[in-house]
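K.L.:
One line per chain: the protein sequences are A and B, in this order. Here the first sequence stands for residues 0 to 408, numbered as in numbering that gives the first Met the number 0. Here the second sequence stands for residues 0 to 211, numbered as in numbering that gives the first Met the number 0. My structure is below; once you've seen it, I'll send some questions.
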Amino acid sequence: MADVSIPYPAPRATRPVRGRAVAGVAAGLAQNVHLPVWLVRTVFVILAFAGGMGIVLYAAFWAVLPLDAQGTDADTASARSSDTARLLALAAVVVGIGLLLAALGVNVASGAVIPVIVAVFGAALIWRQTDDEQRDAWSRAAGRAARQTAGTTAGAGRWRIVIGIGLVVLAMIALLASRTSPLEAVQGLAVALLIFGGIALVAFPWIYRAWREQSEQRRALIHSEERAEIAAHVHDSVLQTLTLIQRFSGDPAEVARLARTEERNLRGWLYAPTGDPDRTFAAALERDAASVEGDYSASIDVVTVGDAVLDGALGALVAAAREAMVNAAKHGGGLVSVYAECRSEVADVFVRDRGPGFALDEIPADRLGVRESVIGRMERNGGTATLRSTPTSGTEVHLRMPRATEATT
Amino acid sequence: MSTKLRLVLVDDHAMVRAGVRAELGDAYDIVGEAADVDEAITVIIREQPDVVLLDVHLPGGDARAVLDGCLATAPHTSFLALSVSDAPEDVVATVRGGARGYVTKAISGPELREAVQRIADGDAVFSPRLAGFVLDAFSGAAAEQDDELDRLTPRELEVMRLIARGYTYKEVASELVLSIKTVETHVSAVLRKLQLSDRRELARWAAGRGMV
């Protein structure tokens, strides 16, 4: 009897949120006794006609069975889609209550009963909206359910609350009017409103405080999640890199490479990443620059202007730029400058190193990669590659790719 | 006693100040250091240095606060922003606040010396990344802009593109067959536009840091 919150394995029945029609009683029972849900539901409906037994039973189970909120978050979408179905089910229950009353000998057609049924339906609507989980959260005033509540009151559910309140008010008026003169009905309504207003006035500070506490709690939660994320990131990557740097302290090139890679990671993480490297041009180029930098212990400085969604031609441009970067990192040494400009009609990439230059005609055999993987690739995709090289100012490869979407020229 | 340029270093990391001092100490006279906004304003107003190397993020504010506090009271001082940050809003906000240039801390010693000299001469210093930001902000619907401040001339665009490609001023000059002085004039003109233009993109960057 130590910890009550430990999940209790079967055979206890619960009311699952997932797959429920009204309050999950039938679904829960079906789960527990291993029968199909439709069968249990049919039994309830049949019993409902047997002097209202089914409805009394259903209400009793509703009160007794604990709610099983498992899967609420993941299944909100499917839950929402079955909203109409659940409303219909609810209406059926209300009609069932009517039948029960009729069976008990109450004259359903008489003035009083229909308004009562309408009122019950309206109240049920409101209660459905502020359903179990939420009622739970409200009565606890604040707490872990804060996140759930945040989303539920907003949006789609609001109209149901309004309709519910409208139905209740209508029913009250009808009920009063059926018994008394219109004037008295209005008077009665005024008294009811006064009482209601009084209750609201008394309850307001409590509701307001609960609401405040919840939003504060939510803020604190977001804040702590943010901190946890930063801590996780620093822990994972920065500390890891520092450890590696200590291990490789005898190897300056490796230390520089590790530091550079980590710097790039952290920078990308801190200063709003440019986008998804699988989808956008600038991000793809930066990712490739980072990986080349890691492989060849060079510094690659990437500056991008403009961006576009990656398509076939731009993909080829990035691939060719990568080859050019590899080449620059391998043979140029030192700092490699990459500048990419993506405009609506054309995309340019410049890859520049400051190593000893070379002329295209006298490319050494091992650098033939440039001809095939850079120039060939660009030309196959309708672009151009120009190579400029001087012994004093290094080598610059200019890749130009017309944009496919606007390729009218 | 000497004609060396007088410098003040503003950075909250003592290691960075020591590193810069080691690289610039021979060429320039470092007359003061500061680690936060208030200290920086006090030192700059007292020393009236030629150039201030200014970190973008400081305890008690940022570079913009230092610039606001000093521009009027130290009229002959030029500011060069020196930062690890690549975020466009940091860079643009600092330059619009009055800094005459922006370089990252990865800059080499000789390059930094040259940048300081250039700032002291009243010119502007653009890193490739800052040039990229400028091109980004001034591209797009540039042709529709009426205000001369909101447009870059074709020549200025060429200069900016080359700087973004990693060319030094000297290389830009030889590429475009201009004198270095002309290149410097173009860059200064771009700096002025960057500081004074009302372009939406610039305003957005500035607004991102709560300083329109």
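Just so it is clear, CB atoms sit at the ideal spot from N, CA and C, and this is done for glycine as well.
Out of curiosity, what's the CA-to-CA distance linking A:Ala209 and A:Arg217?
P.N.:
Locating residue 209 of chain A in the first sequence gives position 210, counting from the first residue. Locating residue 217 of chain A in the first sequence gives position 218, counting from the first residue. Near 12 Å, if we compare the C-alpha coordinates of A:Arg217 and A:Ala209.
K.L.:
Under 8 Å, Cβ to Cβ, is there at least one residue of chain B near A:Arg321?
P.N.:
Here residue 321 of chain A refers to the residue found at position 322 of the first sequence. No, no contact with chain B.
K.L.:
Taking all protein chains shown into account, decide if B:His12 is buried (16 or more other Cβ within 10 angstroms of its Cβ) or exposed.
P.N.:
Residue mapping note: residue 12 of chain B aligns to position 13 of the second sequence, counting from 1. It is exposed - the Cβ of B:His12 has fewer than 16 other Cβ atoms within 10 Å.
K.L.:
With C-beta atoms as the reference, is B:Val187 less than 8 Å away from B:Asp120?
P.N.:
One-based indexing of the second sequence puts residue 187 of chain B at position 188. One-based indexing of the second sequence puts residue 120 of chain B at position 121. Sequence inspection shows Ser at residue 187 of chain B; the Val mentioned does not correspond to that position. Contact flag unset, no.
K.L.:
Give me the Cβ distance between B:Val133 and B:Met159, rounded to the nearest whole Å; I'm assuming they're in contact under 8 Å.
P.N.:
Locating residue 133 of chain B in the second sequence gives position 134, counting from the first residue. Locating residue 159 of chain B in the second sequence gives position 160, counting from the first residue. Yes, they are in contact, since the Cβ atoms of B:Val133 and B:Met159 sit about 6 Å apart, within 8 Å.
K.L.:
Just to check my reading of the structure: A:Arg376 and A:Ala315 have Cβ atoms closer than 8 Å, yes? What is that Cβ distance to the nearest angstrom?
P.N.:
Walking along the first sequence from the start, residue 376 of chain A turns up at place 377. Walking along the first sequence from the start, residue 315 of chain A turns up at place 316. Sure, about 6 Å apart at Cβ, within 8 Å.
K.L.:
Could you work out which residue in B:Arg150, B:Val19, B:Val50 and B:Asp149 is closest to B:Ile107 when comparing CA atoms only?
P.N.:
The residue labelled residue 107 of chain B in the question sits at position 108 within the second sequence. In the sequence as presented, Ile is not what sits at residue 107 of chain B; that position holds Ser. For B:Ser107, the nearest C-alpha among the options comes from B:Val19.
K.L.:
When you compare only the Cα positions, how much space is there between A:Leu386 and B:Leu177?
P.N.:
As a first step, residue 386 of chain A is located in the first sequence; it is residue number 387 there, counting from the start. As a first step, residue 177 of chain B is located in the second sequence; it is residue number 178 there, counting from the start. In a straight line, the C-alpha of A:Leu386 is about 23 Å away from that of B:Leu177.
K.L.:
Would the region 194-211 of chain A count as touching the region 229-249 of chain A if we require 3 or more Cβ pairs under 8 Å?
P.N.:
No, because fewer than three Cβ pairs between the region 194-211 of chain A and the region 229-249 of chain A fall closer than 8 Å, the two stretches do not touch.
K.L.:
Since B:Leu8 contacts B:Ile29 with CB under 8 Å, what's their CB separation in whole angstroms?
P.N.:
Counted from its first residue, the second sequence places residue 8 of chain B at position 9. Counted from its first residue, the second sequence places residue 29 of chain B at position 30. So it is a contact: roughly 6 Å between Cβ atoms.
K.L.:
To the nearest angstrom, report how far apart B:Pro58 and A:Pro251 are at their CA atoms.
P.N.:
Here residue 58 of chain B corresponds to residue number 59 of the second sequence, with the count starting at 1. Here residue 251 of chain A corresponds to residue number 252 of the first sequence, with the count starting at 1. Those two C-alpha atoms are separated by around 33 Å.
K.L.:
Does the beta carbon of B:Arg212 sit closer than 8 Å to a beta carbon anywhere in chain A?
P.N.:
The requested residue 212 of chain B does not occur in the structure, where chain B is confined to residues 0 to 211.
K.L.:
Restricting to Cα atoms, I'd like to know which of B:Asp25, B:Asp197 and B:Arg164 is closest to A:Gly393.
P.N.:
Your numbering for residue 393 of chain A matches position 394 in the first sequence. Among B:Asp25, B:Asp197 and B:Arg164, the Cα nearest to that of A:Gly393 is on B:Arg164.
K.L.:
Spatial neighbours of A:Asp294 within its chain, please: CB distance less than 8 Å, with the 5 preceding and 5 following residues excluded, ordered by chain position.
P.N.:
Translated into positions along the first sequence, residue 294 of chain A becomes position 295. Correct list, in chain order: Val325 and Ala328.
K.L.:
Of all the CB atoms in chain B, is at least one closer than 8 Å to the CB of A:Asp310?
P.N.:
The count along the first sequence starts at 1 and reaches residue 310 of chain A at position 311. Not closer than 8 Å to any Cβ of chain B, the Cβ of A:Asp310 fails to qualify, so no.
K.L.:
Does DSSP classify A:Glu409 as helix, strand or coil?
P.N.:
Because chain A in this structure spans residues 0 to 408, residue 409 of chain A falls outside the shown range and cannot be described.
K.L.:
Closest by CA to A:Glu285, which one among A:Arg321, A:Gly311, A:Arg19 and A:Ala258?
P.N.:
Reading the first sequence from its first residue, position 286 is the one you call residue 285 of chain A. Ranking the options by Cα distance to A:Glu285, first place goes to A:Arg321.
K.L.:
In its own chain, which residues sit with a C-beta less than 7 Å from the C-beta of B:Tyr168, not counting the 5 before and 5 after it?
P.N.:
Walking along the second sequence from the start, residue 168 of chain B turns up at place 169. These residues qualify, in order along the chain: Ile179, Val182 and Glu183.
K.L.:
Check B:Phe137 in the structure and name its three-state DSSP category.
P.N.:
Position 138 of the second sequence, counted from the first residue, corresponds to residue 137 of chain B. Helix.
K.L.:
Run through DSSP, which three-state label would B:His12 get?
P.N.:
Along the second sequence, one-based indexing puts residue 12 of chain B at 13. In the structure shown, B:His12 sits in coil (DSSP, three-state: anything other than H, G, I, E or B).
K.L.:
How big is the Cα-Cα spacing for B:Arg63 and B:Lys104?
P.N.:
As a position in the second sequence, residue 63 of chain B is number 64, starting the count at 1. As a position in the second sequence, residue 104 of chain B is number 105, starting the count at 1. So the alpha carbons of these two residues sit roughly 18 Å apart.
K.L.:
DSSP beta-bridge partners for B:Val90?
P.N.:
Reading the second sequence from its first residue, position 91 is the one you call residue 90 of chain B. Its beta-bridge partners do not exist; DSSP assigns none.
K.L.:
Give the residues from the region 111-137 of chain B that approach chain A closer than 8 Å (Cβ to any Cβ), ordered along the chain.
P.N.:
Residues passing the 8 Å Cβ filter: Pro127, Arg128, Ala130, Gly131, Leu134 and Asp135.
K.L.:
Using a Cβ-Cβ cutoff of less than 7 Å, which residues in the same chain neighbour A:Val291 once the five nearest sequence positions on both sides are dropped?
P.N.:
Taking the first sequence and counting its residues from 1, one reaches residue 291 of chain A at position 292. Excluding positions up to five away in sequence, the list reads Ile299, Arg321, Met324, Val325 and Ala328.
K.L.:
Could you name the residues that DSSP lists as bridge partners for A:Ile299?
P.N.:
As a position in the first sequence, residue 299 of chain A is number 300, starting the count at 1. Within the DSSP secondary-structure output, A:Ile299 pairs in a beta bridge with A:Val335.
K.L.:
What first and last residue would you give for the alpha helix (DSSP H) that runs through A:Arg399?
P.N.:
Here residue 399 of chain A corresponds to residue number 400 of the first sequence, with the count starting at 1. Premise fails: A:Arg399 lies in the beta strand (DSSP E), Gly393 to Pro401, not in any alpha helix (DSSP H).
K.L.:
If you count every other CB in all the chains shown that lies within 10 Å of the CB of A:Val308, and 16 or more means buried, which is it?
P.N.:
Taking the first sequence and counting its residues from 1, the one referred to as residue 308 of chain A is at position 309. Flag for A:Val308 reads exposed.
K.L.:
Answer yes or no: does any C-beta atom of chain A fall closer than 8 Å to that of B:Arg164?
P.N.:
Locating residue 164 of chain B in the second sequence gives position 165, counting from the first residue. By this cut-off, B:Arg164 is an interface position.
K.L.:
Going by alpha carbons, who is nearest to B:Glu38 out of B:Cys69, B:Asp25, B:Ala17 and B:Gln116?
P.N.:
As a working mapping, residue 38 of chain B is identified with position 39 in the second sequence. Ranking B:Cys69, B:Asp25, B:Ala17 and B:Gln116 by Cα distance to B:Glu38 puts B:Cys69 first.
K.L.:
A:His330 to A:Val254, Cα distance in whole Å?
P.N.:
Along the first sequence, read from residue 1 onward, the residue named residue 330 of chain A stands at position 331. Along the first sequence, read from residue 1 onward, the residue named residue 254 of chain A stands at position 255. Rounded to whole angstroms, A:His330 and A:Val254 show a C-alpha spacing of 21 Å.
K.L.:
Comparing the C-beta of A:Tyr295 with each C-beta of chain B, is any distance below 8 Å?
P.N.:
Along the first sequence, read from residue 1 onward, the residue named residue 295 of chain A stands at position 296. No, A:Tyr295 lies away from the interface with chain B (no Cβ there is under 8 Å from its Cβ).
K.L.:
Who are the neighbours of A:Ser336 on chain C, taking C-beta pairs under 9 Å?
P.N.:
Chain labels in this structure do not include chain C; the protein chains are A and B.
K.L.:
Under 8 Å between C-beta atoms, does A:Thr389 make it to chain B?
P.N.:
For this step, residue 389 of chain A is matched to residue 390 along the first sequence. For A:Thr389, the answer is no, since every Cβ of chain B falls outside 8 Å of its Cβ.
K.L.:
Taking the alpha-carbon of B:Leu23 as reference, which of B:Asp135, B:Glu110 and B:Pro127 has the nearest alpha-carbon?
P.N.:
Locating residue 23 of chain B in the second sequence gives position 24, counting from the first residue. For the residues B:Asp135, B:Glu110 and B:Pro127, the minimum Cα distance to B:Leu23 belongs to B:Glu110.
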